[in-house]
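Asks: Mapping of the sequence shown onto the working numbering: position 435 corresponds to residue 552, and the numbering continues sequentially without gaps. Cβ coordinates follow ideal geometry from the N, Cα and C atoms, glycine included.
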Amino acid sequence: MPQELIRNFSIIAHIDHGKSTLADRILEITRTLSEREMREQVLDSMDLERERGITIKAQAARISYQSLDGQTYVLNLIDTPGHVDFHYEVSRSLAACEGAILVVDAAQGVEAQTIANLYKAVDEGLEIIPVMNKIDLPNADPESTRQQIMELVGCFENEIFSVSAKDGSGVSVVLEEVVRKIPPPSGKPDAPLRGLVVDSIYNTYRGVVAYIRVVDGQITEGQKICLMATDQEYEVLEVGIFTPKMVRTGKLEAGEVGYFIANIKTVADLRVGDTVTDARVPAGEMLPGYEPVKPVVFCGLFPVESSEYEELRDALDKLHLNDSGFMFEPETSTALGFGFRCGFLGTLHMDIAQERLEREYDLSLVITAPNVVYEILLSNGEVVQIDNPAQMPNPGKIEEFREPYIHATILTDQESVGGILKICSDRRGEARGMEYLPGNRVILRYDLPLAEVVLDFHDKIKSVSRGYASYDYEVIGFRAGPLVKLDILLNGEPVDALSLIVHEEKAYSRGKALAEKLRQVVPRQLFDVAIQAAIGNKVIARENVRALRKNVTAKCYGGDITRKRKLLQRQREGKRRMKQVGNVELPQDAFLAVLNVE
118 MPQELIRNFS
128 IIAHIDHGKS
138 TLADRILEIT
148 RTLSEREMRE
158 QVLDSMDLER
168 ERGITIKAQA
178 ARISYQSLDG
188 QTYVLNLIDT
198 PGHVDFHYEV
208 SRSLAACEGA
218 ILVVDAAQGV
228 EAQTIANLYK
238 AVDEGLEIIP
248 VMNKIDLPNA
258 DPESTRQQIM
268 ELVGCFENEI
278 FSVSAKDGSG
288 VSVVLEEVVR
298 KIPPPSGKPD
308 APLRGLVVDS
318 IYNTYRGVVA
328 YIRVVDGQIT
338 EGQKICLMAT
348 DQEYEVLEVG
358 IFTPKMVRTG
368 KLEAGEVGYF
378 IANIKTVADL
388 RVGDTVTDAR
398 VPAGEMLPGY
408 EPVKPVVFCG
418 LFPVESSEYE
428 ELRDALDKLH
438 LNDSGFMFEP
448 ETSTALGFGF
458 RCGFLGTLHM
468 DIAQERLERE
478 YDLSLVITAP
488 NVVYEILLSN
498 GEVVQIDNPA
508 QMPNPGKIEE
518 FREPYIHATI
528 LTDQESVGGI
538 LKICSDRRGE
548 ARGMEYLPGN
558 RVILRYDLPL
568 AEVVLDFHDK
578 IKSVSRGYAS
588 YDYEVIGFRA
598 GPLVKLDILL
608 NGEPVDALSL
618 IVHEEKAYSR
628 GKALAEKLRQ
638 VVPRQLFDVA
648 IQAAIGNKVI
658 ARENVRALRK
668 NVTAKCYGGD
678 ITRKRKLLQR
688 QREGKRRMKQ
698 VGNVELPQDA
708 FLAVLNVE
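1) Please name the residue or residues paired with G324 in a DSSP beta bridge.
2) How is G513 classed by DSSP in three states: helix, strand or coil?
3) For the stretch 479-495 against the stretch 514-529, do three or more pairs of beta-carbon atoms, one drawn from each stretch, fall closer than 8 Å, so that the two count as touching?
4) Look up R365 in the DSSP assignment and give the residues it is bridged to.
5) Can the beta-carbon of V295 be found closer than 7 Å to that of R142?
6) What three-state label does DSSP hand F443 in the structure shown?
7) To the nearest angstrom, how far is it from the Cα of Y585 to the Cα of Q225?
8) Within the continuous alpha helix (DSSP H) that includes H107, where are the two ends?
9) How do the stretch 409-420 and the stretch 457-465 stand: do at least 3 beta-carbon pairs fall below 8 Å, yes or no?
10) Give me, in chain order, the residues of the same chain whose beta-carbon lies closer than 6 Å to that of Q188; leave out the 5 immediate sequence neighbours on both sides.
11) Just confirm the distance between the C-beta atoms of A525 and Y563, as a whole number of angstroms; I'd bet it's less than 8 Å.
12) Which term fits Y236, buried or exposed, when burial requires 16 or more other beta carbons within 10 angstroms of its beta carbon?
13) Decide if I173 is buried, meaning its Cβ has at least 16 other Cβ atoms within 10 Å, or exposed.
14) Going by the beta-carbon positions, is the gap between V331 and E373 smaller than 7 Å?
15) Measure from the alpha carbon of I378 to the alpha carbon of each residue in K341, K579, A400, then state which is nearest.
16) Just the C-alpha distance for K144 and D348, rounded to the nearest angstrom, thanks.
17) What would DSSP say about S303, mapped onto helix, strand or coil?
18) Where P611 and F644 are concerned, what is the direct C-alpha to C-alpha distance, given to the nearest angstrom?
19) Run through the DSSP bridge pairs and tell me what Q502 is partnered with.
20) So what does G594 bridge to, in DSSP terms?
21) Counting Cβ pairs closer than 8 Å, one from the stretch 303-311 and one from the stretch 264-274, do we hit at least three?
22) Check this for me: beta carbons of A650 and A632, under 7 Å apart or not?
23) Since L369 contacts I336 with CB under 8 Å, what's their CB separation in whole angstroms?
24) Helix, strand or coil: how does DSSP classify D161 here?
25) Name the two residues that bound the continuous alpha helix (DSSP H) containing G584.
26) Between the C-alpha atoms of V698 and Y478, what's the straight-line distance to the nearest angstrom?
27) According to DSSP, what are the bridge partners of P247?
28) Give me the Cβ distance between A238 and T262, rounded to the nearest whole Å; I'm assuming they're in contact under 8 Å.
29) To the nearest angstrom, how far is it from the Cα of Q158 to the Cα of V656?
30) Can you tell me where the beta strand (DSSP E) with Y563 in it begins and where it stops?
31) Please look up how many angstroms separate the CB atoms of V723 and I246, rounded, as I've assumed it's under 8 Å.
32) Go ahead and pull the three-state DSSP assignment for N193.
33) Buried or exposed for Q502, please, with buried defined as at least 16 other CB atoms from any protein chain shown within 10 angstroms of its CB.
34) Are the stretch 564-580 and the stretch 528-545 touching by the rule of at least three beta carbon pairs closer than 8 Å?
35) Which residue comes first and which comes last in the alpha helix (DSSP H) that contains P259?
36) For T231, which of helix, strand or coil comes out of DSSP?
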């Protein structure tokens, strides 16, 4: 296929602005899929995506399109996620494209992720096609939305396309603009092979399936290739394209997007962002690839049955291959045994990863409370980073405790500004600016501690603004603060999996709320269980779970009272002995209670 007839483009937007529905209409109009194969959100192939109504993985499809001038083009379409936790999927997809369709909901207008995704596309040097979707909604405000797009993108009114992805009106005009405005790939067909690994999945029977954008040269079946990051050589067994099903074609040329299978059995051998080249005639230098992803939220994942440890390790290996924003390393807990410390890009990302592990690999897991990475300056001048409260050094050796901060951009309506300002100030936020936009909208800019945001910040601003507010953030570095380690003790024994690092001012309220919550979920034993929240040796909150009592005097009727007293005394001594040797079994609800404490 000549490069002049290829167009590679992504669809980017804020969450729920209609990316996947627009992709459906494009596939339908170009007859890429038959009526029998079509369904809603056809590119959202995971069950989780369909249940939650969100895109989690970027998905590609090759489309054959005949334009109005009679020329047939090949369009490689990539549908991307909208949620802030999956921004790495968007940046990877944009690196494989020359253009992007920016979708904005006519009812909601420009939102936080609209701005963030646009800036990513502009940084990559892509051509932008602004599209206003959902113009058929009764509450649509096309005039205000058009004005917002013009201010954001810096385009003219006649460059904004109005469509309804639901019924397909206006979509054909957008496809014509894709062909006209987005430039063809600029690779060298005669140069040695250079291909960018965009994504990968693990197939039980065929090993690693690599998704590739061929930049220079071509990749063919039977060819010897070299992965430049690991210097491993393989023979290509199969090459093909996505329609969106995998269809074998035998080769891919410069500018095309597809997949290859090369008998790569070890998950660690292939890295997303690696460069594939010809083993016999290698390329001189690697492609730029991607910036390494840095997880910001960490938690422990432990198998409920310790015998499932190896299965969990294999499952995490395969998940990491398909999700490069996810990291893990082995960890041991006295309360939960052997498991893994896992890093994620946000709590939704964590939730999705846990659910994928349980569904796709049939595992039962216990997940500990999420933490962020902290930086500690020791008195000897050494700086260490910890992502687990159990790793915290002796307080006497700590010179300075630092926590990560984010710069948050919040878009909301004017009526909700007061409520959102209160939420931000309650979470130790520092105001960095406020800007009023047309159409009763406001941009708030705040610096906030990441630890205050990861749990329920998104839910809070949504509820205060009746669903209107949206936010995007970027990590801006570490700042010093008065932080302490909050330990939870059961009968005097610390439970490492429930430890938290909190701000000194919030330690008492957090400890008290956590102890009260645990009292409701810790099952009653045959002895009293003391639940304590402590900072070092100082107990700041306590709750008791009363013992289950057996009526040992039920069969005593008549006679002297001393007989009953003897029985009760023996019961008391038995309970005291039991308390010394008894273990308190914690259900998974106890670990989840940490998440649900206000």
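Replies: On the basis of the coordinates in this document:
1) What you label residue 324 is simply residue 207 of the sequence shown in a count that begins at 1. DSSP lists N320 as partners of G324.
2) Within the sequence shown, residue 513 is the residue found at index 396, counting from 1. Helix, per DSSP.
3) yes
4) Here residue 365 refers to the residue found at position 248 when the sequence shown is read from its first residue. Looking at the DSSP assignment, R365 forms a beta bridge with G357.
5) Stepping through the sequence shown from its first residue, residue 295 is reached at position 178. Stepping through the sequence shown from its first residue, residue 142 is reached at position 25. Not closer than 7 Å, so no.
6) On the sequence shown, residue 443 is found 326 positions in, with the first residue counted as 1. Note: F443 maps to coil in three-state DSSP.
7) Counting from one through the sequence shown, the residue named residue 585 turns up at place 468. Counting from one through the sequence shown, the residue named residue 225 turns up at place 108. Each residue's Cα considered, the two are about 8 Å apart.
8) Outside the displayed span of the chain (118 to 715) sits residue 107, for which this structure offers no information.
9) yes
10) Within the sequence shown, numbered from 1, the residue matching residue 188 stands at position 71. Nothing listed; no residue qualifies.
11) Numbered from its first residue, the sequence shown carries residue 525 at position 408. Numbered from its first residue, the sequence shown carries residue 563 at position 446. Right, the Cβ-Cβ distance comes to about 5 Å (below 8 Å), so this counts as a contact.
12) Working through the sequence shown from its first residue, we reach residue 236 at position 119. Flag for Y236 reads exposed.
13) For the purposes of this step, residue 173 is taken as residue 56 along the sequence shown, with counting starting at 1. Because the pLDDT at I173 is just 49, under 50, the model does not fix this residue reliably, and the value given afterwards should be weighed accordingly. Buried, because 16 or more other Cβ atoms sit within 10 Å of the Cβ of I173.
14) Sequence index remark: in the sequence shown, residue 331 carries index 214 (1-based). Sequence index remark: in the sequence shown, residue 373 carries index 256 (1-based). Cβ atoms of V331 and E373: closer than 7 Å.
15) Taking the sequence shown and counting its residues from 1, the one referred to as residue 378 is at position 261. Closest by alpha carbon: K341.
16) Walking along the sequence shown from the start, residue 144 turns up at place 27. Walking along the sequence shown from the start, residue 348 turns up at place 231. According to the sequence provided, residue 144 is Leu. The question's Lys does not apply to it. Straight-line Cα distance between these residues: approximately 38 Å.
17) Within the sequence shown, numbered from 1, the residue matching residue 303 stands at position 186. S303: coil per DSSP, three-state reduction.
18) Residue mapping note: residue 611 aligns to position 494 of the sequence shown, counting from 1. Residue mapping note: residue 644 aligns to position 527 of the sequence shown, counting from 1. So the two alpha carbons sit approximately 18 Å from each other.
19) For the purposes of this step, residue 502 is taken as the residue at position 385 of the sequence shown. In the DSSP output, where bridge partners are listed per residue, Q502 has E492.
20) Here residue 594 refers to the residue found at position 477 of the sequence shown. DSSP, once it has assigned bridges, lists Y522 as partnering G594.
21) no
22) Within the sequence shown, the letter at position 533 stands for residue 650. Within the sequence shown, the letter at position 515 stands for residue 632. Contact: yes.
23) Position 252 of the sequence shown, counted from the first residue, corresponds to residue 369. Position 219 of the sequence shown, counted from the first residue, corresponds to residue 336. Confirmed, about 5 Å.
24) Here residue 161 refers to the residue found at position 44 of the sequence shown. Confidence at D161 is low in this model, with a pLDDT of 47, below 50, so the placement of that residue should be treated as unreliable; the coordinate-derived value is given next. Looking at D161 - three-state DSSP - the assignment turns out to be coil, as it is neither helix nor strand.
25) One-based indexing of the sequence shown puts residue 584 at position 467. Neither: G584 is in no alpha helix (DSSP H) and is coded neither H nor E.
26) Here residue 698 refers to the residue found at position 581 when the sequence shown is read from its first residue. Here residue 478 refers to the residue found at position 361 when the sequence shown is read from its first residue. Reliability fails at V698, whose pLDDT of 44 lies under 50, so the model's placement of it is uncertain and no value is given.
27) Taking the sequence shown and counting its residues from 1, the one referred to as residue 247 is at position 130. According to DSSP, P247 bridges with L219.
28) Here residue 238 refers to the residue found at position 121 when the sequence shown is read from its first residue. Here residue 262 refers to the residue found at position 145 when the sequence shown is read from its first residue. Wrong, their Cβ atoms sit about 19 Å apart, outside the cutoff.
29) On the sequence shown, residue 158 is found 41 positions in, with the first residue counted as 1. On the sequence shown, residue 656 is found 539 positions in, with the first residue counted as 1. Since pLDDT at Q158 reaches only 49, below the 50 mark, its modelled position is unreliable, and the value read off the structure follows with that caveat. So the alpha carbons of these two residues sit roughly 53 Å apart.
30) Counting from one through the sequence shown, the residue named residue 563 turns up at place 446. It spans 558-566 - the beta strand (DSSP E) in which Y563 sits, taken as one unbroken run.
31) The structure shown does not extend to residue 723, since the chain is modelled only from 118 to 715, so the question has no answer here.
32) Sequence index remark: in the sequence shown, residue 193 carries index 76 (1-based). In the structure shown, N193 sits in a strand (DSSP, three-state: E or B).
33) As a working mapping, residue 502 is identified with position 385 in the sequence shown. Label assigned to Q502: exposed.
34) yes
35) Along the sequence shown, one-based indexing puts residue 259 at 142. Run containing P259: 259-270, per the alpha helix (DSSP H) assignment.
36) Within the sequence shown, residue 231 is the residue found at index 114, counting from 1. Three-state result, T231: helix.
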